[in-house]
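Protein chains in written order, with this note's numbering: chain A, 1 to 340; chain B, 341 to 680.
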DNA sequence: ATAATTCATACAATCGATTGTATTGCATGT
DNA sequence: ACATGCAATACAATCGATTGTATGAATTAT
């Protein structure tokens, strides 16, 4: 077990060339003669030299690392997102540090501090549902490192966002239900402190209005949109009069409700149609297939990462930018047209 | 934008206390008087001091970071695995650097070099299907940093493994088919260069032998086990005589085949039963539900991480250890008992 | 009262690379 | 032949923390 000790100083010593020259040679500076470079590179190879990133980081005050904080890594959307992030970061020679907040604000705060401590060059974050104030991001203001909110946008003055157009997409999704003959549409809303869920509700409302359908407050049921919430809400909509469709702010809630309703003999979509949001992998496979909105998760990760690294390297300070990507309406059997 | 410059030297200067004492105080050393510690901590707080991890890393020659390389982050098993890794690492105050090989050996090599360059304190890796020689791990021998193979075990002399017992589990899965009355069982095998798929085939064979069923070479079909492979194999098994069940080395292949067969009017499980492997999320939702083997992915991540960090911190050098976790047989309708 | 011990802190080297400035030697122009 | 300029390399400071050793003061033992 040789201790892999070779440093530029070892090369320097064994060649009688100053370590500054060695450093420049290894970095391809044109201040070093080609012949000398060759010598140095050969010796480096020979000694199994490997640059000490920690020393470079300290001196350059950079880490070539970006931090990523998401609620849960194993949620499909975030796994896709991270896959996109990693791919782009790899291509641009950055490392990716990952952490999950587990949807806990307290943990998010800790992770944020961690990321600061670890001197990431930039941060990508998708905040928890609990995150409704942003004081804990203040520390970032004092750094010069950029921060981008993904999926759950914010404006805290010095950040960028990469999102989809939740309102417009929700309008389209609701419109699709209306186009297919559904009129009494319940909305499974998410926590209204979260911007994105507010927008989805707004899109739903806008669609109703656009089609001259009166908005009924009782038709909006708010929850955290877990599958279990969906199961509970199934009961509630059976007690409402005339409901013929549901637009859920995510797939999980829709799937939970569908499951419970099917058990009770309700036919989908004949009795009640369902439109989800997110395109979970299972949504394609349940019976009937769940119509939904597909978020371009991997693309969002890629876009966010190149935006972030662009900001890191331009250091143009306060580029604030909001990138809106298109979401795609996926039509399956849960919203089949009513053939009266 | 204050440049957040405070270092131990700033504290040292403004307090007239040597920086070494400041350092010790901030690290809670008992070589500093409590009263002095208080002073220092107060001043640190006041100056918004934040330890420079890069300097510490350089000096201590450690990063408190573990590297993770998996084929794809957005594959369910790996997302779960990583979630477990991150959680444990967080609790033990380690950071996690993530990279995906995209099942390319070439990329795996690059990532491995990257991880070395970044001086991770230890490495968790699940190798690609292409990885059948291990020369590129040699560089790790020269480091003193431990490496653990997860899910796809290896013995390269200086590593540990965290795996499930693929052979035994496969035996049980096959036995379950046999117990339910199936006798002519096809095996969808994975690439036989990969140990794990070799073991699954071995388990299948062992089950046959144990039950006095003759092994038929034609009943083993090898592929890379993508869903499309499953669809192709559906045709092949229809051309074989008497097939009444399939044991697939992963769920994807099983699902592909089931889909194609259903289209052709084959009844599952009445005509052909299916047993998968991995418990993909969709396996619960397809019709019929796919019986399968559930790998404890999150637990594997946790176990691997605490094992790894244990090795890092004990530095007991060459602890080689193989941890075998239990997989669980999940019985659904695709293997329903034959009621003659 | 003095030597021995302990306690609290200061001193100074170190980790390995980067980078602004200084120096040397050589070629070029006149 | 001599000043000028440039090419190539050397010198030395620096990034911010850690840590072994030295020092001085305070406490204890004898």
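Virtual Cβ for every residue (Gly too), placed ideally from N, Cα, C. Please read these numbers as outputs of a predicted model, since none were measured by experiment.
Less than 7 Å separates the beta-carbon of residue 387 of chain B from that of residue 350 of chain B. Nearest to residue 631 of chain B by C-alpha distance, out of B:384, B:450, B:609, is B:609. Look at residue 282 of chain A: its C-beta is under 7 Å from a C-beta on chain B. Separation of the CB atoms of residue 192 of chain A and residue 183 of chain A is rounded to 24 Å, and the pair is thereby denied contact status at 8 Å. Between residue 54 of chain A and residue 456 of chain B, the gap from beta carbon to beta carbon reaches 7 Å or more. With respect to residue 177 of chain A, residue 275 of chain A sits close: the two C-beta atoms are nearer than 7 Å.
Looking at A:143, A:97, A:260, the one whose alpha-carbon comes closest to that of residue 234 of chain A is A:260. For secondary structure counted as the alpha helix (DSSP H) over 4 or more consecutive residues, the region 497 to 585 of chain B holds these complete runs in sequence order: 506 to 519, 535 to 550, 567 to 579. Between residue 492 of chain B and residue 467 of chain B the beta-carbon gap is near 5 Å, inside 8 Å, which marks them as a contact. Distance from residue 74 of chain A to residue 676 of chain B at the Cβ level is roughly 30 Å; contact not present, criterion being Cβ atoms closer than 8 Å. In the structure shown, the three-state DSSP call for residue 406 of chain B is strand. Using a Cβ-Cβ cut-off of 7 Å, residue 440 of chain B is close to 83, 86 of chain A, given in chain order. In the structure shown, the three-state DSSP call for residue 417 of chain B is helix.
Interface with chain B (7 Å Cβ-Cβ cutoff): residue 53 of chain A is included.
Remark: fewer than three beta-carbon pairs, one from each stretch, lie closer than 8 Å, so the region 636 to 652 of chain B and the region 547 to 559 of chain B are not flagged as touching. Of all residues in the region 110 to 129 of chain A, only 116, 117, 118, 119 come within less than 7 Å of chain B when Cβ atoms are compared, listed by chain position. From the beta-carbon of residue 403 of chain B, the residues of chain A found nearer than 8 Å are 54. Contact between the region 122 to 140 of chain A and the region 62 to 69 of chain A is present: three or more C-beta pairs spanning the two stretches fall below 8 Å. Nearest CB-CB separation between residue 204 of chain A and chain B: not below the 7 Å threshold.
Between the alpha carbons of residue 245 of chain A and residue 620 of chain B lies a gap of roughly 29 Å. Per DSSP, residue 597 of chain B is one residue of the alpha helix (DSSP H) stretching across 591 to 603. Residue 241 of chain A counts as exposed, since fewer than 16 other C-beta atoms from the protein chains shown sit within 10 angstroms of its C-beta.
Of the residues assessed, residue 375 of chain B falls on the exposed side of the cut-off, its CB having fewer than 16 other CB atoms within 10 angstroms. Considered as a whole, the region 608 to 641 of chain B harbours no complete run of any alpha helix (DSSP H) with no fewer than 4 residues.
The beta carbons of residue 186 of chain A and residue 255 of chain A sit no closer together than 7 Å. DSSP lists no bridge partner for residue 311 of chain A. Listed in chain order, the non-local C-beta contacts of residue 555 of chain B below 6 Å within the same chain comprise 545, 548, local neighbours out to five positions each way being set aside.
Here residue 166 of chain A is buried: its Cβ has 16 or more other Cβ atoms, across all protein chains shown, within 10 Å.
At a beta-carbon threshold of 7 Å, the residues of chain B lying near residue 57 of chain A are 394, ordered along the chain. DSSP places residue 21 of chain A in no beta strand (DSSP E) but in the uninterrupted alpha helix (DSSP H) bounded by 19 to 26. Inclusion of residue 83 of chain A and residue 298 of chain A in the CB contact set at 7 Å is warranted, their separation being smaller than that value.
Straight-line measurement puts the Cα of residue 623 of chain B at about 6 Å from the Cα of residue 629 of chain B. For residue 679 of chain B, the closest alpha carbon among the candidates B:543, B:667, B:633, B:520 is that of B:520.
Residues 154, 156 of the same chain have their beta carbon placed closer than 8 Å to that of residue 134 of chain A, with the five preceding and five following residues left out of the count.
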